[in-house]
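In our numbering, the protein residues as written are -8 to 119.
Worksheet for the structure shown next.
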(Lines of atoms letter the chains of each structure in order from A and count residues from 1; the text may use other names and numbers.)
(Lines give C-alpha, C1' and ligand atoms only; values in the text may rest on other atoms or scores of the structure.)
Protein backbone atom coordinates (compact mmCIF):
# COMPACT_ATOMS: atom_id res chain seq x y z
CA UNK A 1 0.00 0.00 0.00
CA UNK A 2 1.42 3.43 -0.91
CA UNK A 3 2.67 5.55 1.99
CA UNK A 4 0.12 8.26 1.22
CA UNK A 5 -2.65 5.78 2.10
CA UNK A 6 -0.92 4.86 5.38
CA UNK A 7 -0.85 8.59 6.16
CA UNK A 8 -4.55 8.77 5.37
CA UNK A 9 -5.19 5.89 7.76
CA UNK A 10 -3.22 7.68 10.48
CA UNK A 11 -5.21 10.85 9.90
CA UNK A 12 -8.43 8.84 10.17
CA UNK A 13 -7.40 7.67 13.65
CA UNK A 14 -6.25 11.00 15.11
CA UNK A 15 -9.75 12.44 15.79
CA UNK A 16 -10.75 9.25 17.59
CA UNK A 17 -7.61 9.32 19.72
CA UNK A 18 -8.37 12.93 20.64
CA UNK A 19 -11.97 11.99 21.44
CA UNK A 20 -10.68 9.30 23.79
CA UNK A 21 -8.38 11.78 25.52
CA UNK A 22 -11.27 14.21 25.78
CA UNK A 23 -13.39 11.48 27.33
CA UNK A 24 -10.71 10.79 29.92
CA UNK A 25 -10.52 14.51 30.68
CA UNK A 26 -14.30 14.74 31.11
CA UNK A 27 -14.37 11.63 33.28
CA UNK A 28 -11.69 12.99 35.58
CA UNK A 29 -12.71 16.65 35.68
CA UNK A 30 -16.46 16.62 35.14
CA UNK A 31 -17.29 13.38 36.93
CA UNK A 32 -18.21 11.37 33.84
CA UNK A 33 -19.50 11.52 30.31
CA UNK A 34 -22.91 12.92 29.49
CA UNK A 35 -23.89 10.47 26.77
CA UNK A 36 -27.36 12.02 26.47
CA UNK A 37 -26.09 15.56 25.82
CA UNK A 38 -22.41 15.39 24.87
CA UNK A 39 -22.41 18.70 23.00
CA UNK A 40 -23.92 20.49 25.98
CA UNK A 41 -21.19 18.99 28.15
CA UNK A 42 -18.57 20.08 25.62
CA UNK A 43 -19.92 23.63 25.82
CA UNK A 44 -19.01 23.71 29.53
CA UNK A 45 -15.36 22.84 28.90
CA UNK A 46 -12.69 25.45 29.56
CA UNK A 47 -8.92 25.50 29.38
CA UNK A 48 -7.32 22.17 28.59
CA UNK A 49 -10.64 20.39 28.05
CA UNK A 50 -11.78 22.98 25.55
CA UNK A 51 -8.45 22.84 23.71
CA UNK A 52 -8.75 19.03 23.47
CA UNK A 53 -12.24 19.37 22.02
CA UNK A 54 -11.12 22.05 19.58
CA UNK A 55 -8.12 20.03 18.43
CA UNK A 56 -10.43 17.09 17.74
CA UNK A 57 -12.69 19.30 15.60
CA UNK A 58 -9.66 20.59 13.75
CA UNK A 59 -8.44 17.02 13.16
CA UNK A 60 -11.74 16.21 11.41
CA UNK A 61 -11.36 19.31 9.23
CA UNK A 62 -7.76 18.41 8.35
CA UNK A 63 -8.85 14.89 7.45
CA UNK A 64 -11.38 16.24 4.96
CA UNK A 65 -8.76 18.57 3.47
CA UNK A 66 -6.11 15.83 3.13
CA UNK A 67 -8.61 13.36 1.68
CA UNK A 68 -9.59 15.95 -0.93
CA UNK A 69 -5.96 16.65 -1.78
CA UNK A 70 -5.20 12.94 -2.21
CA UNK A 71 -8.30 12.50 -4.34
CA UNK A 72 -7.35 15.41 -6.58
CA UNK A 73 -3.81 14.07 -6.99
CA UNK A 74 -5.15 10.60 -7.78
CA UNK A 75 -7.68 11.92 -10.30
CA UNK A 76 -4.88 13.87 -11.98
CA UNK A 77 -3.10 10.57 -12.45
CA UNK A 78 -0.31 11.23 -9.95
CA UNK A 79 1.76 8.25 -8.90
CA UNK A 80 0.73 7.68 -5.27
CA UNK A 81 4.29 6.65 -4.40
CA UNK A 82 5.46 10.08 -5.55
CA UNK A 83 3.18 11.69 -2.95
CA UNK A 84 5.04 10.16 0.00
CA UNK A 85 7.04 13.22 1.08
CA UNK A 86 4.22 15.78 1.11
CA UNK A 87 1.91 13.19 2.70
CA UNK A 88 4.45 12.51 5.46
CA UNK A 89 4.94 16.22 6.03
CA UNK A 90 1.19 16.74 6.29
CA UNK A 91 0.85 13.78 8.69
CA UNK A 92 3.66 15.16 10.84
CA UNK A 93 1.94 18.53 11.08
CA UNK A 94 -1.27 16.81 12.11
CA UNK A 95 0.53 14.86 14.83
CA UNK A 96 2.13 18.06 16.14
CA UNK A 97 -1.02 20.15 15.94
CA UNK A 98 -2.92 18.67 18.92
CA UNK A 99 0.22 18.76 21.06
CA UNK A 100 0.63 22.46 20.33
CA UNK A 101 -3.09 23.07 20.76
CA UNK A 102 -3.29 21.34 24.12
CA UNK A 103 -0.01 22.97 25.13
CA UNK A 104 -1.59 26.37 24.40
CA UNK A 105 1.07 27.46 21.92
CA UNK A 106 -0.98 29.36 19.30
CA UNK A 107 1.86 30.88 17.21
CA UNK A 108 3.57 27.51 16.74
CA UNK A 109 0.23 25.81 16.16
CA UNK A 110 -0.65 28.30 13.43
CA UNK A 111 2.74 27.81 11.79
CA UNK A 112 2.23 24.05 11.76
CA UNK A 113 -1.22 24.52 10.19
CA UNK A 114 0.24 26.67 7.40
CA UNK A 115 3.02 24.12 6.70
CA UNK A 116 0.39 21.37 6.53
CA UNK A 117 -1.80 23.45 4.27
CA UNK A 118 1.10 24.05 1.89
CA UNK A 119 2.01 20.34 1.91
CA UNK A 120 -1.59 19.46 1.03
CA UNK A 121 -1.78 22.02 -1.76
CA UNK A 122 1.55 20.77 -3.16
CA UNK A 123 0.24 17.21 -3.00
CA UNK A 124 -2.94 18.11 -4.88
CA UNK A 125 -1.52 20.47 -7.50
CA UNK A 126 2.16 19.93 -8.14
CA UNK A 127 3.15 16.44 -6.99
CA UNK A 128 3.39 13.68 -9.54
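Don't be surprised by glycine CBs; every beta carbon is placed ideally from N, CA and C.
Cβ distance (whole Å) where residue i is taken to contact residue j below 8 Å
i           : j          : result
residue 107 : residue 53 : 7 Å
residue 79  : residue -7 : Residue 79 to residue -7, Cβ: 12 Å. No contact.
residue 118 : residue 69 : 6 Å
Reference residue i, options the options, closest by Cα
i          : options             : result
residue 73 : 36, 8 and 115       : 115
residue 36 : 51, 19 and 50       : 19
residue 10 : -3, 117, 33 and 56  : 33
residue 3  : 56, 38, 26 and 64   : 56
residue 58 : 25, 82 and 98       : 82
residue 65 : 111, 8 and 12       : 111
residue 42 : -5, 105, 96 and 109 : 96
Own chain partners of residue i with C-beta closer than 6 Å, once the 5 adjacent residues on each side are dropped
i          : result
residue 40 : 16
residue 76 : none
Own chain, CB closer than 7 Å to residue i, minus 5 neighbours either side, in chain order
i           : result
residue 103 : 84, 87, 88 and 91
residue 47  : 6, 9, 10 and 13
residue 63  : 115
Beta-carbon contacts of residue i that lie in its chain and below 8 Å, excluding the five residues immediately before and after
i          : result
residue 51 : 6
Fully enclosed by the region 69 to 95, which alpha helix (DSSP H) runs are 4 residues long or longer?
75 to 93
Let me know the beta strand (DSSP E) ranges lying completely inside the region 1 to 74, each 3 residues or longer, listed in chain order.
none
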